[in-house]
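Accompanying notes for the structure given below.
2 protein chains.
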Amino acid sequence: MAKQERAIRTRRAILEAAGAVFDEHGYTSTTIAMVLERAEVTKGALYFHFPSKESLAQAVLDEQVPFGAIPSQPCKLQEVIDITFVVGQRLLSNALLRGSVRLAVDQCAPPGVDHTGPFRQWTDHLTPLLEQARAQGELLPTVDPRETVELLVGAFTGIQLMSRALTGRDDLGRRLSVLWSHMLPSIAVPGLLLGLDSRADRGARVLASLESRVA
Amino acid sequence: MAKQERAIRTRRAILEAAGAVFDEHGYTSTTIAMVLERAEVTKGALYFHFPSKESLAQAVLDEQVPFGAIPSQPCKLQEVIDITFVVGQRLLSNALLRGSVRLAVDQCAPPGVDHTGPFRQWTDHLTPLLEQARAQGELLPTVDPRETVELLVGAFTGIQLMSRALTGRDDLGRRLSVLWSHMLPSIAVPGLLLGLDSRADRGARVLASLESRVA
Chain A
1 MAKQERAIRT
11 RRAILEAAGA
21 VFDEHGYTST
31 TIAMVLERAE
41 VTKGALYFHF
51 PSKESLAQAV
61 LDEQVPFGAI
71 PSQPCKLQEV
81 IDITFVVGQR
91 LLSNALLRGS
101 VRLAVDQCAP
111 PGVDHTGPFR
121 QWTDHLTPLL
131 EQARAQGELL
141 PTVDPRETVE
151 LLVGAFTGIQ
161 LMSRALTGRD
171 DLGRRLSVLW
181 SHMLPSIAVP
191 GLLLGLDSRA
201 DRGARVLASL
211 ESRVA
Chain B
1001 MAKQERAIRT
1011 RRAILEAAGA
1021 VFDEHGYTST
1031 TIAMVLERAE
1041 VTKGALYFHF
1051 PSKESLAQAV
1061 LDEQVPFGAI
1071 PSQPCKLQEV
1081 IDITFVVGQR
1091 LLSNALLRGS
1101 VRLAVDQCAP
1111 PGVDHTGPFR
1121 QWTDHLTPLL
1131 EQARAQGELL
1141 PTVDPRETVE
1151 LLVGAFTGIQ
1161 LMSRALTGRD
1171 DLGRRLSVLW
1181 SHMLPSIAVP
1191 GLLLGLDSRA
1201 DRGARVLASL
1211 ESRVA
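These protein sequence lines map, in sequence, to chains A and B.
Per our numbering, residue 1 is the first one in the first sequence, and the count goes up by one each step.
Per our numbering, residue 1001 is the first one in the second sequence, and the count goes up by one each step.
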């Protein structure tokens, strides 16, 4: 294994360990020693990549948007719907994503950590998709893409939080489906509505088709 | 002042101090000493009302729903809309409410504290109002009142959180207005839509009319 590749793997192992520890313990109670133990790397390797707990938290926060990565689709509104369901589904299995979401949501983060990052990054990531959807005639003329995306990001944040508190996120897919059934009639042109898929198991199905493509 | 009235005032002073400290520092970093200093009560008085930090947090959490108190209205959907705007407005000025919301949202609360309480309490408080709205013919036949209320509670939670992170809650009224403009067409019968008020300053106006009634 080349030196650079090994460094990338080590960095990723540290990030995943940090995400899991932040998810379980929150920012304040997390120590570098806990991350070291989980990541099974040396202290030197950790400090080489992340000089402080703050920088570790910042890096975990910045890892959130890549979890929304899915292949491009002809219908851009369906692509935005799918991103929400895929992120919801990945929250169930990925501790780094859960840790990142917890850091964004908890007010515990210290002044050095910008936990507004994920809100801005999701907005910047999704707004161009809705703008494309508008250009393709998928949206009602009343829709302001950025405003709708900001609503979506805020609502998603709270819905996953409530689902986590009440059911350990078991019902997150169903709750996202309820969100879309309430929002789509105000967003999509009527001719598109019936063709959009926002059923509760959408995330699981999209991920399964991704995996079969890779295999 | 009667002894009982004094006890009620002391309890309230402690709760308000605790809410403010929890809002600023979160559950983990809050100490009883910080609450004592803010409340200006004796240690004995505090422990008489709240034997532990957990019981203090639980009491702060249980204070959330009363902040949605507004007079009954003929249009029940407008009443639900108004409750969201009034709570949003009160979040700007009331540290006890802010502390309660932070405790519900942060994952920092220890096992002894049930921070699912506010989610359940808001759902139980608002669902009968939407059921009344349905009985009065205000809602589309597709609406399931409890499902819509749960969406509303979850979405509100995340929207206020995002507004707090990005603007210190300055734009919360505008964000709530965007939420309602996206949801109402899926909830209200068309004949009602134009008559509903969900403009950004609705909370300030409802509170002002309440105060003029009291005066």
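Cβ coordinates follow ideal geometry from the N, Cα and C atoms, glycine included.
- Chain-order list of chain A residues neighbouring V1189(B): empty, with the shortest C-beta distance near 14 Å, by a criterion of under 7 Å.
- Under the three-state reduction of DSSP, A1104(B) is assigned to helix.
- Every alpha helix (DSSP H) of 4 residues or more that sits fully in the segment 74 to 133 of chain A is shown, in chain order, as 76 to 93, 95 to 105.
- In terms of CA proximity to I70(A), L126(A) leads the group L126(A), V105(A), I32(A), A200(A).
- DSSP places A1188(B) in the strand class (E or B) of the three-state scheme.
- With a cutoff of 8 Å on beta-carbon distance, E1147(B) and L1192(B) are scored as not near each other.
- Straight through space, the alpha carbons of W180(A) and L1103(B) are spaced by roughly 28 Å.
- Comparing alpha-carbon positions, the option among Q1004(B), E1211(B), L1166(B) lying closest to V153(A) turns out to be L1166(B).
- Beyond the five residues adjoining it in sequence on each side, D1062(B) comes within less than 7 Å, by CB distance, of G1117 in the same chain, given in chain order.
- Of the candidates R1205(B), A1018(B), S1209(B), V1060(B), the residue whose Cα lies closest to the Cα of V1041(B) is A1018(B).
- Among the residues facing chain A, G1044(B) is not included, as its CB has no counterpart in that chain under 8 Å away.
- The three-state reading of DSSP puts L139(A) in strand, counting E and B together.
- Counting only Cβ-Cβ distances below 8 Å, R1006(B) has no contacts in chain A at all, with the closest Cβ about 34 Å away.
- Judged by DSSP in its simplified three-state form, V41(A) adopts coil rather than helix or strand.
- Between M162(A) and T1157(B) a beta carbon distance of about 6 Å is seen, short of the 8 Å cut, so the two are scored as contacting.
- As the crow flies, the alpha-carbon of S1072(B) is around 33 Å from that of V1021(B).
- Runs of the alpha helix (DSSP H) lying entirely within the segment 1144 to 1213 of chain B and spanning at least 4 residues, in chain order: 1145 to 1167, 1172 to 1187, 1190 to 1193.
- Within the segment 1136 to 1152 of chain B, contact with chain A at the beta-carbon level (separation under 8 Å) is assigned to E1147, T1148, E1150, L1151.
- Contact check between the segment 189 to 203 of chain A and the segment 81 to 93 of chain A: three or more CB pairs, one atom from each, fall below 8 Å, which counts as touching.
- The beta-carbon of H182(A) is placed less than 8 Å from the nearest beta-carbon of chain B.
- Taking 7 Å as the upper bound on Cβ-Cβ separation, chain A lies near residues G1026, T1028, S1029 of the segment 1005 to 1031 of chain B.
- Between the segment 36 to 55 of chain A and the segment 5 to 17 of chain A, the count of C-beta pairs closer than 8 Å reaches three or more; the two stretches touch.
- By the neighbour-count definition (other C-beta atoms within 10 Å, threshold 16), Q136(A) is an exposed residue.
- Chain B places a beta carbon closer than 8 Å to that of F119(A), counting this residue as a contact.
- Nearest neighbour of V1189(B) by Cα position, chosen from V1206(B), A1013(B), L1077(B), Y1047(B), turns out to be L1077(B).
- Excluding the 5 residues flanking it on each side, D114(A) has same chain C-beta neighbours closer than 8 Å at Q58, L61, in chain order.
- Taking all protein chains shown into account, E79(A) has 16 or more neighbouring C-beta atoms within 10 Å of its C-beta and is therefore buried.
- If you look at T10(A), you'll find it in the alpha helix (DSSP H) that goes 3 to 29.
- Annotated as distal: V149(A) and I187(A), with beta-carbon spacing of 8 Å or more.
- A Cβ of chain B is located within less than 8 Å of the beta carbon of G158(A).
- Of all residues in the segment 1087 to 1101 of chain B, none is placed with a Cβ closer than 8 Å to any Cβ belonging to chain A.
- Chain-ordered, the chain B residues with CB closer than 8 Å to the CB of T116(A) read A1165, L1166.
- Considering only H49(A), F67(A), H182(A), the residue with the shortest C-alpha distance to V101(A) is F67(A).
- Contact note: R175(A) reaches chain B through E1150, L1151, G1154, using a C-beta cutoff of 8 Å and chain order.
- Between D1023(B) and R1090(B), the C-beta gap is not smaller than 8 Å, which leaves the two residues out of contact.
- Excluding the 5 residues flanking it on each side, P1185(B) has same chain C-beta neighbours closer than 8 Å at L1193, in chain order.
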